[in-house]
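**Student:**
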Amino acid sequence: MALVVELRRGGSVSRTGRKPGPRPSLGMLERWVDDNDEFAMAVERLGRHRVPSLARIDPYGDTVLRGEAVDQMVRELEGADLARLRSGERKVVTTLLDWGRRCRTDRDLRIAFSGD
């Protein structure tokens, strides 16, 4: 079983208050599949106490991060020592950090974790 992490767009499909143009696409925008437990290894190597927002995630329990949870994750990852990570683990963390920053600017975005 692999861990699947997705950047998704949810929210209203209403055009009220939006600029002219096509509606933003809903659903999955980007996807990352962890076949090698890189997520779990990154959390352990960074320290569960230093990244509690990620340590609390049940990777196979259909968890979604949005709003304040994403803000907390971004703060924790920005303060983390990424030099301690191996290349695959660093890729996971930098992807989550990038997606988290995007979620901060676009509140209709969320990060979803599930087992595949």
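Numbering follows our numbering, in which position 66 of the sequence shown is assigned residue number 268; successive positions increment by one, without gaps.
Using N, Cα and C, we set each Cβ at its ideal position, and we do this for glycine too.
I need the straight-line Cα distance from ALA244 to ARG288, nearest angstrom please.
**Tutor:** In the sequence shown, residue 244 corresponds to position 42, counting from 1. In the sequence shown, residue 288 corresponds to position 86, counting from 1. Cα to Cα, the separation comes out at about 8 angstroms.
**Student:** Helix, strand or coil, according to DSSP, for LEU284 in the structure here?
**Tutor:** In the sequence shown, the residue the question calls residue 284 occupies position 82. It is helical.
**Student:** State the beta-bridge partners of ASP236 as determined by DSSP.
**Tutor:** Along the sequence shown, read from residue 1 onward, the residue named residue 236 stands at position 34. LEU205.
**Student:** For the region 252-265 and the region 225-234, state whether three or more C-beta atom pairs, one from each stretch, are separated by less than 8 angstroms.
**Tutor:** no
**Student:** Taking all protein chains shown into account, decide if MET203 is buried (16 or more other Cβ within 10 angstroms of its Cβ) or exposed.
**Tutor:** By 1-based counting over the sequence shown, the position of residue 203 is 1. Exposed, by the Cβ-count rule.
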